[in-house]
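Visitor: Before we start, here is the structure in question, set down as C-alpha cells.
Residue numbers (our numbering), protein chains in the order written: chain A, 6 to 320; chain B, 68 to 205.
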C-alpha cells in the first residue's frame, strides 16, 4: 500500500535499487570483499536522506532496526572524516552492517580531500575484513582518489538530481565502469555536471522523504555538523590561531607552547570543541618571552681562549 | 563483393577473401529462394522453376566443400545425401523443403565455425551494478 513515505513495496525507493543494495550486501557479507557505495549530487538534492534510506534497508536486512539519528546514539552516520573513523570502529564493535560518511562536516577544510582520501585508503586496507558497507555522501564523486578506483572499491554511484520539494527525489544509478567514464568525461568538459547526461545510467528511480520525526532528527544532526564547520570558518576569518599553527610559526613544540602559555597565564580567546584558539598578538608575546628567558640548566662555563694570555700582556 | 580486378584485393588474406565469398554465396541463395516464393505467390500460370535456387545452393556447396569434408568427418553418408540433390536423376524428387533443409545444415555449420555468430556478447542484467561490474571483471 502506497503512503506518503513508502511505495507499494513497503520501502521509500523502488525494487531496482533494492536488488543493487542486496548485491552489495552479499559482496561484503558473503564474499568478504570491500565495497563503497557513493551518493553524490548538488546541494539540497536530499543525498543524506537517500543515504539514510539505504542504511536503514541494509540495517534491517542484517536484523537491526533503522539507524539511530539522535545526537547521542548516532553511530552509523558520520559528519566528517574524524567522526567517520571513530564511528566505523564502533559499527564494527556492534557488528552493524553499514556506515555512512557525510562530507558535510569536512567541506570547509582546505586539503580535507587529500586527508580524506588518505584516510579512506588506510581504512579500506584495514577495515575490509570487518564487513561493513560504506556509503559516501559527496557533492561530486570525482574527488575520490584514483587509488580507490584501482582497487575496484566504489561499486556503484547514485547521483541525486532535480528534487521535487515535498514530493520525491530522483536518482540515477551508475556502475563502476560508468563511474570511471563519467570521471574521464568530467576531466574533458567545462561543465562537469553534463557528464552525468552524456553517460547513460544503469537505472533511474525516485525516492520519498523520511518521516517528519526522523527528518527533523536528521536536520538537527546535519545542521550541527554544518554549524560546527561554519563556526570554524568564522574563527579562521578572525585570524585566530591554534596550538598547531603557533607551533609552526614559532618553531617550538606544542608541549613547550602549552607550558609557556600556561606559565604566562594567557587565556584562549575561543574554544570550539576541544580546540583552543588564540589571537595573533600572542605570537609577539611569546617571541618576547623567548628572548627574555635564560636557557634552563647549568650556566655555560667560560673556557680560557688561546689568545687570553696575549691579551693579558697587552699585545 | 570481391573485386578480383582491383589491385588492392591482392593485399587481402585468402581466408578473409573466402569468408566474404562464402557470405556472398549464402546471400545469393537467400535471394533466389525469396524470388522463388515471390513468383509462387504471384499466382502465375507458368510453373515456377527451382533451378536457380538449386544452382545457388550448389555454388555454396562447392565453395564450402573442402571445409565440409573436414567438418563432417565420419558423416560421409550425409555428404553423399547432399551431393545427390545435384545429380540429374534425382532432380525431379527435389522440393524446396528439401533444398531448404540442406541449406539449414550448411547454415548451422557456418554458425558453428563462427562465420555467422554475431551474438557473442555476454548477456547480463544491465540494471544490476554487480552483474555489470562482474562482466568487466571488476
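Note that CB positions come from ideal geometry on N, CA and C, so glycine has one too. All values reported here derive from a predicted model rather than from experimental measurement.
Would residue 96 of chain B pass as an interface residue toward chain A - the criterion being a Cβ-Cβ separation below 8 Å?
Guide: Looking up residue 96 of chain B in the second chain gives position 29. It does not; no Cβ of chain A falls within 8 Å.
Visitor: So, residue 235 of chain A versus residue 43 of chain A, is the Cβ gap smaller than 8 Å?
Guide: On the first chain, residue 235 of chain A is found 230 positions in, with the first residue counted as 1. On the first chain, residue 43 of chain A is found 38 positions in, with the first residue counted as 1. Not a contact, by the Cβ cut-off of 8 Å.
Visitor: If you run the structure through DSSP and keep just helix, strand and coil, what is residue 212 of chain A?
Guide: Position 207 of the first chain, counted from the start, is the residue given in the question as residue 212 of chain A. Looking at residue 212 of chain A - three-state DSSP - the assignment turns out to be strand.
Visitor: Residue 33 of chain B and residue 121 of chain B: beta carbons closer than 8 Å?
Guide: The structure shown does not extend to residue 33 of chain B, since chain B is modelled only from 68 through 205, so no value can be given for it.
Visitor: For residue 125 of chain A, tell me which candidate among A/102, A/100 and A/159 has the shortest Cα-Cα distance.
Guide: Indexing the first chain from 1 puts residue 125 of chain A at position 120. Out of A/102, A/100 and A/159, A/159 has the C-alpha closest to the C-alpha of residue 125 of chain A.
Visitor: Given a cut-off of 8 Å, decide if residue 129 of chain B and residue 139 of chain B are closer than it, judged by their beta-carbon atoms.
Guide: In the second chain, counting from the first residue as 1, residue 139 of chain B sits at position 72. In the second chain, counting from the first residue as 1, residue 129 of chain B sits at position 62. Not in contact: residue 139 of chain B and residue 129 of chain B (Cβ atoms no closer than 8 Å).
Visitor: Going by DSSP, what residues sit across from residue 165 of chain A in a beta bridge?
Guide: For the purposes of this step, residue 165 of chain A is taken as residue 160 along the first chain, with counting starting at 1. Answer by DSSP bridge pairing, in chain order: A/46 and A/176.
Visitor: Using 10 angstroms around the beta-carbon of residue 115 of chain A, count the other beta-carbons present and answer buried if the total reaches 16, otherwise exposed.
Guide: Taking the first residue of the first chain as 1, we reach residue 115 of chain A at position 110. Its pLDDT being 47, under 50, residue 115 of chain A is placed unreliably in this model, and the value from its coordinates should be taken loosely. Burial call: exposed.
Visitor: Would you check if the distance between the CB atom of residue 143 of chain A and the CB atom of residue 103 of chain A is smaller than 8 Å?
Guide: Here residue 143 of chain A corresponds to residue number 138 of the first chain, with the count starting at 1. Here residue 103 of chain A corresponds to residue number 98 of the first chain, with the count starting at 1. Cβ atoms of residue 143 of chain A and residue 103 of chain A: not closer than 8 Å.
Visitor: Check the Cβ of residue 208 of chain A against every Cβ in chain B and list those closer than 7 Å, keeping chain order.
Guide: On the first chain, position 203 is the one that residue 208 of chain A refers to. Those within 7 Å of residue 208 of chain A in chain B are 194.
Visitor: Return the chain-ordered ranges of every beta strand (DSSP E) run that is complete within the region 121-147 of chain B and spans a minimum of 3 residues.
Guide: Listed in chain order, nothing qualifies, since the region 121-147 of chain B has no complete beta strand (DSSP E) run of 3 or more residues.
Visitor: Counting C-beta neighbours from all protein chains within 10 Å, is the total for residue 169 of chain B 16 or more, i.e. buried, or is it exposed?
Guide: Taking the first residue of the second chain as 1, we reach residue 169 of chain B at position 102. The residue in question, residue 169 of chain B, is buried, as its Cβ has 16 or more Cβ neighbours within 10 Å.
Visitor: On the DSSP letters alone, give me the boundaries of the alpha helix (DSSP H) that residue 95 of chain A sits inside.
Guide: Translated into positions along the first chain, residue 95 of chain A becomes position 90. First-last of the alpha helix (DSSP H) with residue 95 of chain A: 86-98.
Visitor: When the Cα atoms are used, what is the spatial distance from residue 30 of chain A to residue 200 of chain A?
Guide: Your numbering for residue 30 of chain A matches position 25 in the first chain. Your numbering for residue 200 of chain A matches position 195 in the first chain. About 28 Å.
Visitor: Applying a beta-carbon distance threshold of less than 9 Å, which residues of chain B neighbour residue 25 of chain A?
Guide: Indexing the first chain from 1 puts residue 25 of chain A at position 20. Under the 9 Å cutoff, chain B gives 194, 195, 196 and 197.
Visitor: Going by beta-carbon coordinates alone, are residue 197 of chain B and residue 123 of chain A separated by less than 8 Å?
Guide: Taking the first residue of the second chain as 1, we reach residue 197 of chain B at position 130. Taking the first residue of the first chain as 1, we reach residue 123 of chain A at position 118. Not closer than 8 Å, so no.
Visitor: So, is residue 212 of chain A buried or exposed, given that buried needs 16 or more other C-beta atoms within 10 angstroms?
Guide: Walking along the first chain from the start, residue 212 of chain A turns up at place 207. Flag for residue 212 of chain A reads buried.
Visitor: Spatial neighbours of residue 194 of chain A within its chain, please: C-beta separation below 7 Å, excluding the five flanking residues on both sides.
Guide: For the purposes of this step, residue 194 of chain A is taken as residue 189 along the first chain, with counting starting at 1. Correct list, in chain order: 200.
Visitor: Which first and last residues belong to the beta strand (DSSP E) in which residue 282 of chain A is found?
Guide: Taking the first chain and counting its residues from 1, the one referred to as residue 282 of chain A is at position 277. Note, residue 282 of chain A: beta strand (DSSP E), 280-282.
Visitor: Using the three-state DSSP reduction, which class does residue 271 of chain A fall into: helix, strand or coil?
Guide: Taking the first residue of the first chain as position 1, residue 271 of chain A is located at position 266. Three-state DSSP puts residue 271 of chain A in coil, outside helix and strand.
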